[in-house]
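Participant:
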Amino acid sequence: YVFCEVKRAASFDVALNRLRHGQMERIYHAASEYIGLTPEGQLAPVRFDVAAVDATGAVHLLEAAFGHF
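In this note's numbering, the protein residues as written are 272 to 340.
Here it is, written out as structure tokens:
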């Protein structure tokens, strides 16, 4: 499973810096709840990505941007 947070700003760097620890925790907990409903349960492979979108609409995908807490 891949969960992706999307952040938009004037530049990629600014967009990536907008992801806060509390947001990552909420994403992680939501993913954990969802994964708990799947047949694999908590043993399912999970990845957390961030998609940074700049002012032109270009997207930079950062795979495995953050992990488990």
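Idealized CB from N, CA, C, for every residue including glycine. A quick note: this is a predicted structure, and the numbers were derived from the prediction, not measured.
Based on the DSSP output, what are the partners of A323 in its beta bridges?
Facilitator: Residue mapping note: residue 323 aligns to position 52 of the sequence shown, counting from 1. Note: A323 sits in a beta bridge opposite K278, H331.
Participant: Using 8 angstroms as the cut-off, can you tell me whether the region 278–297 makes contact with the region 312–331, which would need three or more C-beta pairs spanning the two stretches below that distance?
Facilitator: Yes, the region 278–297 is in contact with the region 312–331.
Participant: What whole-angstrom Cβ distance do D320 and A335 have, given they're in contact under 8 angstroms?
Facilitator: Counting from one through the sequence shown, the residue named residue 320 turns up at place 49. Counting from one through the sequence shown, the residue named residue 335 turns up at place 64. Yes, they are in contact, since the Cβ atoms of D320 and A335 sit about 7 angstroms apart, within 8 angstroms.
Participant: For A315, is the classification buried or exposed, using 16 other Cβ atoms within 10 angstroms of its Cβ as the cut-off for buried?
Facilitator: Within the sequence shown, residue 315 is the residue found at index 44, counting from 1. Its Cβ having fewer than 16 others within 10 Å, A315 is exposed.
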